[in-house]
Structure formats: C-alpha cells, structure tokens
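Novice: Letter 71 of the sequence shown, counting from 1, is numbered 71 in the working numbering, and no numbers are missing.
Starting off with a structure, shown below.
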Amino acid sequence: MTTQTDLPGSVTTVYQVSGMSCGHCEGSVSGEISEIPGVTSVKAVAATGEVTVVSAAPLDEEAVRAAVDEAGFELAGKA
C-alpha cells in the first residue's frame, strides 16, 4: 500500500516483513530501513509484521529488501 500523506511530497508505504517477533526485531528492521536516503520515519510492528515507512519519494523496493535482509529478516512485499 502506498499513499500520499499530509506532508507535501511525502509518501507512506506499508511493507510486510516475516520473522519479526519482538521489540529488538522491530528496532533492527527500523534501523536498517531508516538508513535508506529519503526515509523520514519508520515504524515496525512485530505482532503484525508490518513496517510503515514515510519517505520523501517512493522507495526502490530492492533497497528496502536489502535493508530488511541486512537486519536478518525477509521482505514479503507491500502490505
């Protein structure tokens, strides 16, 4: 899911990530994704596996996949 938000030019995208089970997992995924240029906010929720990313422009899904992989998890795609 990709939607425009209130902030001009910002995009919110929700990704599904498999394997997160705790707060540490959420922090690892959030930390890696937040390093992608243009990302302004990341919120990972282990209970649902959803990661909400706010960015200045749509992100390259391969960059998100690489960040999630670096954190030790698997990107299932957009929620």
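We treat Cβ as the ideally placed atom computed from N, Cα and C, and that holds for glycine.
Quantities reported herein were computed from a predicted structural model and do not represent experimental measurements.
Mind reading off the beta-carbon distance from ALA67 to GLY38? Whole number of angstroms is fine, and I expect it under 8 Å.
Specialist: Your pair ALA67 and GLY38 does not check out as a contact, with CB atoms roughly 12 Å apart and the cut at 8 Å.
Novice: Starting from the Cα of CYS22, find the closest Cα among VAL53, GLU50 and ALA46 and give me that residue.
Specialist: ALA46
Novice: Is GLY19 helix, strand or coil by DSSP?
Specialist: coil
Novice: Taking only beta-carbon atoms, is HIS24 less than 9 Å away from chain B?
Specialist: The structure shown has no chain B; it contains just one protein chain.
Novice: ALA44 bridges to which residues according to DSSP?
Specialist: VAL51
Novice: Which of the three DSSP states, helix, strand or coil, is assigned to ALA71?
Specialist: coil
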